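According to our numbering, the sequence shown is numbered sequentially starting from 57. In this text, a Cβ means the ideal position worked out from N, Cα and C, and glycines have one as well. Please read all numbers here as calculations on a predicted model, not as lab measurements. The structure appears below as structure tokens.
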Amino acid sequence: MTATNHALTGAAVATVLRQPLLIVPVAFASHFVCDALPHFKMHHVVGDRIKWSLLYAEGALMVVLGLILLAIGVHQPVWLLIVAALIAMSPDVAWYYYGRRGIHNDIDKLDPLTRFHSWIQWSETRAGLVLELAWAGLMIGVILK
57 MTATNHALTG AAVATVLRQP LLIVPVAFAS HFVCDALPHF KMHHVVGDRI
107 KWSLLYAEGA LMVVLGLILL AIGVHQPVWL LIVAALIAMS PDVAWYYYGR
157 RGIHNDIDKL DPLTRFHSWI QWSETRAGLV LELAWAGLMI GVILK
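As structure tokens, this is what we get:
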């Protein structure tokens, strides 16, 4: 899934759960649940140069969504939503690490968690964008509930 959807899912977890000690592990696990769903993958649509521009744009979108949520008011402390959002996105840091080393496509050189992460992403297509948009709407609805 996109980083925005991982962040929204983490924030939704923080909104629904009332026990802060549960939020971190559930937000982390939510990343793998989201990636197990059919979803969109940017490299199917654009080349590497444009991909980085879109990633920066996605970062800006997350900031804007965060500011909107702040303006509307949420039921949990904002810092908790931010932490949960960052934790929910964190497994993708491994892709950056392995990608910079040029070994992201060599499954045997990945750590066990990243191998699992690769395995669960069975459907990354252009059509996955529809689910991504629906998921974002659902998560925003949960946060604002």
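Please name the residue or residues paired with residue i in a DSSP beta bridge.
i      : result
Glu180 : His95
Which term fits residue i, buried or exposed, when burial requires 16 or more other beta carbons within 10 angstroms of its beta carbon?
i     : result
Ser86 : buried
Asp69 : According to the sequence as given, residue 69 is Val; it is not Asp. Val69 should be labelled buried.
Ile79 : buried
Leu25 : Absent from the model: residue 25. The displayed extent of the chain is 57 to 201, so no value can be given.
Asn61 : buried
Where does residue i sit, in a helix, a strand or coil, going by DSSP?
i      : result
Arg171 : helix
Thr60  : helix
Arg156 : helix
Leu77  : helix
Pro147 : helix
Leu136 : helix
Run the proximity test for residue i: is its beta-carbon closer than 6 Å to any non-hydrogen atom belonging to the ligand ADP?
i      : result
Leu194 : For the ligand ADP, the structure offers nothing, since it holds no ligand at all.
Sort the options by Cα distance to residue i and report the nearest one.
i      : options                        : result
Lys97  : Leu194, Val134, Leu187, Glu180 : Glu180
Ala59  : Val198, Gly197, Leu77, Leu185  : Leu185
Met57  : Leu111, Ile124, Arg171, Asp167 : Leu111
Ala92  : Ile176, Gln75, Asp164          : Ile176
Met145 : Gly158, His173, Asp167, Trp178 : His173
Ile196 : Asp148, Met118, Trp151         : Met118
Phe88  : Ala63, Trp135, Lys201          : Ala63
With a cut-off of 8 Å on the beta carbons, I'd call residue i and residue j a contact; round off their distance for me.
i      : j      : result
Gln132 : Thr71  : 5 Å
Ala83  : Ala140 : 4 Å
Leu187 : Pro94  : 6 Å
Ile159 : Arg171 : About 12 Å; that fails the 8 Å criterion.
Pro81  : Leu136 : Not a contact, Cβ separation roughly 14 Å.
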